[in-house]
Amino acid sequence: MADLAWPEVAERASAGAVLAVPVGATEQHGPHLPLSTDSDIALALCDRLAARRPDVLVAPPVPYGSSGEHAGFAGTLSIGQAATELLLVELGRSAGETFRRLLFVSAHGGNTGPVARAVATLRAESRDVEVFQPRWPGDPHAGRPETALQLVLRPENVRMDRATAGDRRPLGEVLPLLRQGGVRLVSDNGVLGDPTGATAAEGEQLLVELTSALESLMDTWCPAVLR
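So for the sequence shown, this note's numbering puts the first residue at 979; every next one is plus one.
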């Protein structure tokens, strides 16, 4: 959408385009992945959906979110839960002046609460809003899955020579500690899992699966008129 002029956007919207908003974060992802990792994943999923669905228009990504659990690592920029929620509510209200349907694709786990509350508010205002939050088994943060994804999306920014394991306990086991003192309390390098051994082939397969899940959600919520 950012590359279009307003009359082109108006034409797409009047034809029934769905606005897809990638919601990410700017936060540490270990010593080997860029701070933009969550935003990159959200944008890639939106772009892949738009490639399959001509009625989807992708908005510029929201690059900040609620990342307080990553405080203490250089480069993490968090706006907190309340600001994230308010940002998405106001963005949704503004988008509703042009688009009949709005899709948030949020790829940062710390945004789960704010996104859910924002969507609930917008729906209570009779706005047609949906949300997709990609999930995968295995390492929850900067581990093998996210590293594999970035080896597909931005391989030039993946520093595999710096990739080392962090805390490898299941998320359910470390979650109370994360709530108490953030990632820094359990992992000196910011990794939850083990990124070593990740491959682009794994990343591509995961992207296919996540895109398929997103497309299925779209087909249920908003069946495409054109393909």
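Note that beta-carbon positions come from the ideal geometry of N, C-alpha and C, so glycine has one too.
Sequence-distant residues of the same chain with beta carbon closer than 6 Å to residue i, five excluded per side
| i | result |
| --- | --- |
| residue 995 | 1033, 1035 |
| residue 1074 | 1105 |
| residue 1096 | 1063, 1066, 1067 |
| residue 1135 | 1012 |
| residue 1000 | 1020, 1021, 1024, 1039, 1083 |
| residue 1147 | none |
| residue 1144 | 1165, 1167, 1169, 1170 |
| residue 1180 | 1126 |
| residue 1149 | 1118 |
Coarse secondary structure for residue i, derived from DSSP in three states
| i | result |
| --- | --- |
| residue 1205 | Any reading at residue 1205 must be qualified, since the residue scores a pLDDT of 44, below 50, and its modelled position is unreliable; the value itself is stated next. Looking at residue 1205 - three-state DSSP - the assignment turns out to be coil, as it is neither helix nor strand. |
| residue 998 | strand |
| residue 1116 | coil |
| residue 1038 | coil |
| residue 1033 | coil |
| residue 1004 | strand |
| residue 1092 | helix |
| residue 1184 | helix |
| residue 982 | coil |
| residue 1172 | coil |
| residue 1011 | strand |
| residue 1145 | strand |
Start-to-end residues for the beta strand (DSSP E) that takes in residue i
| i | result |
| --- | --- |
| residue 1081 | 1079-1084 |
| residue 1106 | 1106-1110 |
Inter-residue Cα distance where the pair is residue i and residue j
| i | j | result |
| --- | --- | --- |
| residue 1124 | residue 1084 | 14 Å |
| residue 1101 | residue 1107 | 6 Å |
| residue 1061 | residue 1174 | 35 Å |
| residue 1071 | residue 1142 | 43 Å |
| residue 1057 | residue 1079 | 26 Å |
| residue 983 | residue 990 | 11 Å |
| residue 1193 | residue 1187 | 10 Å |
| residue 992 | residue 1131 | 32 Å |
| residue 1140 | residue 1116 | 20 Å |
| residue 1077 | residue 1163 | 43 Å |
| residue 1010 | residue 1081 | 30 Å |
| residue 1026 | residue 997 | 14 Å |
Range covered by the alpha helix (DSSP H) that runs through residue i
| i | result |
| --- | --- |
| residue 1126 | 1122-1131 |
| residue 1068 | 1058-1073 |
| residue 1151 | 1149-1159 |
Neighbourhood of residue i by C-beta distance below 7 Å, restricted to the same chain and skipping five residues each side
| i | result |
| --- | --- |
| residue 1184 | 1114, 1123, 1126, 1127 |
| residue 1177 | 1126, 1129 |
| residue 1059 | 1044, 1091, 1092 |
| residue 1098 | none |
Integer-rounded CB distance, given that residue j should sit under 8 Å from residue i
| i | j | result |
| --- | --- | --- |
| residue 1039 | residue 1008 | Going by Cβ atoms, the distance from residue 1039 to residue 1008 rounds to 21 Å, so no, they are not a contact pair. |
Cβ neighbours of residue i in the same chain (closer than 8 Å, five flanking residues each side left out)
| i | result |
| --- | --- |
| residue 1160 | 1046, 1047, 1048, 1049, 1050 |
| residue 1202 | 1031, 1032, 1033, 1196 |
| residue 1153 | none |
| residue 1211 | No statement about residue 1211 is possible, as the shown extent of the chain runs from 979 to 1205 and does not include it. |
Proximity test, Cβ basis, 7 Å: residue i and chain D
| i | result |
| --- | --- |
| residue 988 | Absent from the structure: chain D. Only one protein chain is present. |
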